[in-house]
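Letter by letter, the sequence shown follows residues 31 to 574 of my numbering.
A short worksheet on the structure shown next.
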Amino acid sequence: MTERISPLAPFRHDIFRYVWVASLASNFGSLIQGVGAAWMMTAISDSANMVALVQASTALPIMLLSLPSGAIADNFDRRRVMLVAQSFMLVISIALTVAAYLGLLTPWVLLTFTFLIGCGTALNNPSWQASVGDMVPRTDLPSAVALNSMGFNLTRSVGPAIGGAIVAAAGAAAAFAVNAFSYLALLFVLGRWKAAIPPNALPRETIGPAMAAGLRYVAMSPNIEKVLLRGFVFGFTAISVLALLPLVARDLIDGGPLLYGILLGAFGAGAVGGALVSARLRQVLSTEWCVRVAFIGFAVCAATAGLSTYPWLTSAALAIGGANWVIALSLFNVTVQLSTPRWVVGRALSLYQTATFGGMALGSWIWGVAADEYGPGNALLASAVLMVAGAALGLWRFTLPDQTSLNLDPLNRFKEPPLALDVQPRSGPIVVMIEYIIKDEDTAEFLEVMTERRRIRRRDGARQWTLARDLENPESWMETYHTPTWLEYVRHNRRMTHADAIVTDRIRRLHSGAEPPRVHRMIERPTIRSAVLPEPKHMIDLHH
31 MTERISPLAP FRHDIFRYVW VASLASNFGS LIQGVGAAWM MTAISDSANM VALVQASTAL
91 PIMLLSLPSG AIADNFDRRR VMLVAQSFML VISIALTVAA YLGLLTPWVL LTFTFLIGCG
151 TALNNPSWQA SVGDMVPRTD LPSAVALNSM GFNLTRSVGP AIGGAIVAAA GAAAAFAVNA
211 FSYLALLFVL GRWKAAIPPN ALPRETIGPA MAAGLRYVAM SPNIEKVLLR GFVFGFTAIS
271 VLALLPLVAR DLIDGGPLLY GILLGAFGAG AVGGALVSAR LRQVLSTEWC VRVAFIGFAV
331 CAATAGLSTY PWLTSAALAI GGANWVIALS LFNVTVQLST PRWVVGRALS LYQTATFGGM
391 ALGSWIWGVA ADEYGPGNAL LASAVLMVAG AALGLWRFTL PDQTSLNLDP LNRFKEPPLA
451 LDVQPRSGPI VVMIEYIIKD EDTAEFLEVM TERRRIRRRD GARQWTLARD LENPESWMET
511 YHTPTWLEYV RHNRRMTHAD AIVTDRIRRL HSGAEPPRVH RMIERPTIRS AVLPEPKHMI
571 DLHH
């Protein structure tokens, strides 16, 4: 029987609790700033497309910059990265406040400021999401992700209404000023956090190869690819409600900034409820069914918002939408984290963010154009139809896997072999050949397991992987792969996890030789006369 974990278990860990509370203040300010920016755009522009672009300008940099930010999160101190990102957003928020107070904002100047704040968010988010696994043990990770969603939506349930009141009473500049002050608490907590960073004996990856490694890992991980597709579709369709909500409040219900804030508050209140029931829902339904329910529930929200002229009915629909928003996005996030080892989790989360926020950025623009052409009500109805289609994706090959907590901790079984040549970290290319002896009756199983071995090898950085059979001795098989340098060979082997070792152990059980599989490690060398062969050496220094 599976042990039931309390949804509040992450609060037992001091740093998670402190950061969670400080994040409430930061999220509160961000939501007030969002209300101020969206409503100011309605005041300085008559274009529905420009109003929708406020959402797009925040989501676009997250789509464009998440991957390099994920590589930074996996290779630098995540706490310091978050401090830099939060400080940058503080400076931009102060500048936005001053520009609004002096009356310098035009539609494109306002979009530039929201874009820059989005850049700070893009830098911050992969480190923030990946650092949750540094604050709590893996068993508490799903609850921690849900609590983060709940914390954000607790502020969303009241923040937008207060933001609307601030804008109505004191103008957008006051809302921007509140946001600037909201960063201080989180900066203080992060400054005092002494994160336990595990030692890394290998040099830090440079940004380019690190980004390539993240792309390769996700491309060779089918479960993560499914999450990325469903996240993109959900972001593209669901953002229609948030992007067009100022127009719903102004044109369909004939309200002002206070009503807009109240509608956002209803969305946030529903999201809190969604966070509270998501754990129970995961116990009753599979991951795929939870996501289908979220798509269909949000379709109901969009259709109702597009047809309703009553504030109470639109608010009720938005509460349903908020609940399903949290259910879907928290499931996507947890599935990525539980499918990814720590060495690449920041990049995997960044690619998930790229897909989801890319869908949101594209959707904000598309639904804004549709609202200009056909009206916000018809645009919302069209998005509702596509949400139902998004739910149907799970009926085919894009079904999401059930959440399983694989042991993705480093195996730490690999030991650098003693070498007779002087090999530097940059020496290469390296060719690795592994001999197996496989009985005829085990051939079918061996080929099946080696298919998975090929995926793991390529995912972790191996190139030109091949499997060959000896024509004269059919029981002899040779696995071959390349790495560009010796350092990459060592890095490749240290990426193996306990879950990957299951495949390795199966292969070794099929090996019928008297000795373990023999490994040949070779370095390619040109045949020209000027080529210099390395001198014999018995030690390798990977730090220079």
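No residue lacks a Cβ here, since even glycine has one placed at the ideal position from N, Cα and C.
All values derive from a computational prediction rather than experimental measurement.
What first and last residue would you give for the alpha helix (DSSP H) that runs through M119?
The residue you call residue 119 lines up with position 89 of the sequence shown. Unbroken alpha helix (DSSP H) run through M119: R108 to Y131.
Per DSSP, the bridge partner or partners of H550:
Residue numbering aside, residue 550 sits at position 520 when the sequence shown is read from its first letter. M463, per the DSSP bridge assignment.
Got a sec? Which residues, its chain only, sit under 7 Å from S413 by beta carbon, not counting five neighbours each side?
Against the sequence shown, residue 413 aligns to sequence position 383. Residues T267, S270, A332 and W397 of the same chain have their beta carbon placed closer than 7 Å to that of S413, with the five preceding and five following residues left out of the count.
Can you tell me which of the three DSSP states A160 falls into?
Residue 160 sits at position 130 when you count from the first residue of the sequence shown. Note: A160 maps to helix in three-state DSSP.
Once you ignore the five residues that flank P91 on each side, which residues in its own chain have a CB closer than 7 Å to its CB?
On the sequence shown, residue 91 is found 61 positions in, with the first residue counted as 1. Excluding residues within five positions, the ones whose Cβ falls inside 7 Å are F145, G148, C149 and A152.
Measuring only the C-alpha atoms, how far is P40 from N79?
What you label residue 40 is simply residue 10 of the sequence shown in a count that begins at 1. What you label residue 79 is simply residue 49 of the sequence shown in a count that begins at 1. So the alpha carbons of these two residues sit roughly 41 Å apart.
Would you tell me roughly how many angstroms separate the C-alpha atoms of H574 and G543, rounded to the nearest one?
Walking along the sequence shown from the start, residue 574 turns up at place 544. Walking along the sequence shown from the start, residue 543 turns up at place 513. Residue confidence for H574 is low, a pLDDT of 35 falling below 50, so the modelled location carries little weight and cannot support an answer.
Cut-off 6 Å between Cβ atoms - residues of its own chain near S364, not counting five sequence neighbours on either side:
Locating residue 364 in the sequence shown gives position 334, where the first residue counts as 1. A quick correction: the sequence has Val, not Ser, at residue 364. P172 and V175.
Would you identify the three-state DSSP class for I283, choosing helix, strand or coil?
Position 253 of the sequence shown holds residue 283. When DSSP states are grouped into helix, strand and coil, I283 belongs to the coil group.
May I ask which residues mark the beginning and end of the alpha helix (DSSP H) holding M508?
For the purposes of this step, residue 508 is identified with residue 478 of the sequence shown, where counting begins at 1. Not the alpha helix (DSSP H): M508 falls in the beta strand (DSSP E), residues S506 to T513.
As a quick exercise: from Q85, A55 and M70, pick the residue whose alpha carbon is nearest that of W395.
Here the question's residue 395 lines up with position 365 in the sequence shown. For the residues Q85, A55 and M70, the minimum Cα distance to W395 belongs to Q85.
Below 8 Å on the Cβ atoms is my contact criterion, and I expect F262 with T386 to pass it. Report the Cβ-Cβ distance as a whole number of Å.
Residue numbering aside, residue 262 sits at position 232 when the sequence shown is read from its first letter. Residue numbering aside, residue 386 sits at position 356 when the sequence shown is read from its first letter. Contact holds; Cβ gap of about 6 Å.
Coil, strand or helix - R456 by DSSP
Counted from its first residue, the sequence shown places residue 456 at position 426. Of the three classes helix, strand and coil, the one that applies to R456 here is coil, per DSSP.
In the DSSP assignment, the alpha helix (DSSP H) including A498 goes from what residue to what residue?
Residue numbering aside, residue 498 sits at position 468 when the sequence shown is read from its first letter. From DSSP, A498 is part of no alpha helix (DSSP H) but of the beta strand (DSSP E) over R493 to R499.
Under 8 Å between C-beta atoms of Q367 and L359
To locate residue 367, count along the sequence shown from 1; it is residue 337. To locate residue 359, count along the sequence shown from 1; it is residue 329. In this structure, L359 does not lie closer than 8 Å to Q367 by Cβ.
Answer yes or no: do V374 and A531 have a C-beta to C-beta separation smaller than 8 Å?
As a first step, residue 374 must be located in the sequence shown, where it is residue number 344. As a first step, residue 531 must be located in the sequence shown, where it is residue number 501. No, they are not a contact pair.
From the DSSP output, in three-state form, read off H528 for me.
In the sequence shown, the residue the question calls residue 528 occupies position 498. Helix at H528.
Nonlocal neighbours in the same chain, by C-beta distance under 6 Å from I122, ignoring five residues either side
The residue you call residue 122 lines up with position 92 of the sequence shown. So the list reads L146 and I147, once near-sequence residues are dropped.
Going along the chain, which residues of its own chain have a beta-carbon closer than 6 Å to the beta-carbon of N253, five neighbours each way excluded?
As a working mapping, residue 253 is identified with position 223 in the sequence shown. Closer than 6 Å at the Cβ level, and outside the excluded window around N253, lie S369 and P431.
Can you tell me whether DSSP reads L449 as helix, strand or coil?
Counting from 1 along the sequence shown, the entry for residue 449 is found at position 419. Reduced to three states, the DSSP call for L449 is coil.
Using the beta-carbon count (16 or more within 10 Å), is M317 buried or exposed?
As a position in the sequence shown, residue 317 is number 287, starting the count at 1. Met is not the amino acid found at residue 317; the sequence shown has Thr there. Buried, since its Cβ has 16 or more Cβ neighbours within 10 Å.
Identify which residue in P341, R548 and N408 has its Cα closest to the Cα of L288.
Start at 1 with the first residue of the sequence shown, and residue 288 comes out as number 258. Of the candidates P341, R548 and N408, P341 places its Cα closest to the Cα of L288.
Helix, strand or coil for S60? Go by DSSP, reduced to three states.
Mapped onto the sequence shown, residue 60 falls at position 30. Three-state result, S60: helix.
Are at least three pairs of beta-carbons, each pair with one atom in the stretch 451 to 458 and one in the stretch 513 to 524, less than 8 Å apart?
Output reads yes: the stretch 513 to 524 touches the stretch 451 to 458.
Just to confirm my understanding: we take T339, look at its own chain, exclude 5 residues before and 5 after, and list those with CB closer than 7 Å. What are they?
Sequence index remark: in the sequence shown, residue 339 carries index 309 (1-based). The beta carbon of T339 is closer than 7 Å to those of L282 and I283 in its chain, skipping five residues each way along the sequence.
Please state if the CB of Q63 and the CB of F218 are separated by a distance shorter than 8 Å.
For the purposes of this step, residue 218 is identified with residue 188 of the sequence shown, where counting begins at 1. For the purposes of this step, residue 63 is identified with residue 33 of the sequence shown, where counting begins at 1. The answer is no: Cβ separation not under 8 Å.
Whole angstroms is fine: what's the gap from P546's alpha carbon to D535's?
Residue mapping note: residue 546 aligns to position 516 of the sequence shown, counting from 1. Residue mapping note: residue 535 aligns to position 505 of the sequence shown, counting from 1. Rounded to the nearest angstrom, the two C-alpha atoms are 12 Å apart.
Just tell me which of M526, M463 and E403 has its CA closest to the CA of R443.
Stepping through the sequence shown from its first residue, residue 443 is reached at position 413. Taking only the C-alpha atoms, the option nearest R443 is M526.
By DSSP's criteria, H541 is part of a beta bridge. Which residues make up the other side?
On the sequence shown, position 511 is the one that residue 541 refers to. The partner list for H541 (beta bridge, DSSP) reads I468.
Considering only the alpha carbon of each residue, which of A198, T142 and G336 lies closest to G407?
Walking along the sequence shown from the start, residue 407 turns up at place 377. Comparing Cα positions, the closest option is G336.
To the nearest angstrom, how far is the alpha carbon of T169 from that of S56?
As a first step, residue 169 is located in the sequence shown; it is residue number 139 there, counting from the start. As a first step, residue 56 is located in the sequence shown; it is residue number 26 there, counting from the start. Taking the straight line joining both Cα atoms gives about 27 Å.
Determine whether the beta carbon atoms of A409 and R322 lie at a separation below 8 Å.
Sequence index remark: in the sequence shown, residue 409 carries index 379 (1-based). Sequence index remark: in the sequence shown, residue 322 carries index 292 (1-based). Cβ distance not < 8 Å, so A409 and R322 don't count as in contact.
Here's the rule I'm using: 16 or more other beta-carbon atoms within 10 Å means buried, otherwise exposed. How should K256 be labelled?
In the sequence shown, counting from the first residue as 1, residue 256 sits at position 226. Buried, by the Cβ-count rule.
Is the beta carbon of R489 closer than 8 Å to that of Y247?
Sequence index remark: in the sequence shown, residue 247 carries index 217 (1-based). Sequence index remark: in the sequence shown, residue 489 carries index 459 (1-based). Yes, the pair counts as a contact, with Cβ atoms nearer than the cut-off.
Would you mind sorting T236 into buried or exposed? The rule is 16 or more other CB atoms within 10 Å of its CB.
In the sequence shown, counting from the first residue as 1, residue 236 sits at position 206. Counting other Cβ atoms within 10 Å of its Cβ, T236 stays below 16 and is therefore classed as exposed.
Express the C-alpha separation of H522 and H550 in angstroms, rounding to a whole number.
For this step, residue 550 is matched to residue 520 along the sequence shown. For this step, residue 522 is matched to residue 492 along the sequence shown. Their Cα atoms are separated by approximately 16 Å.
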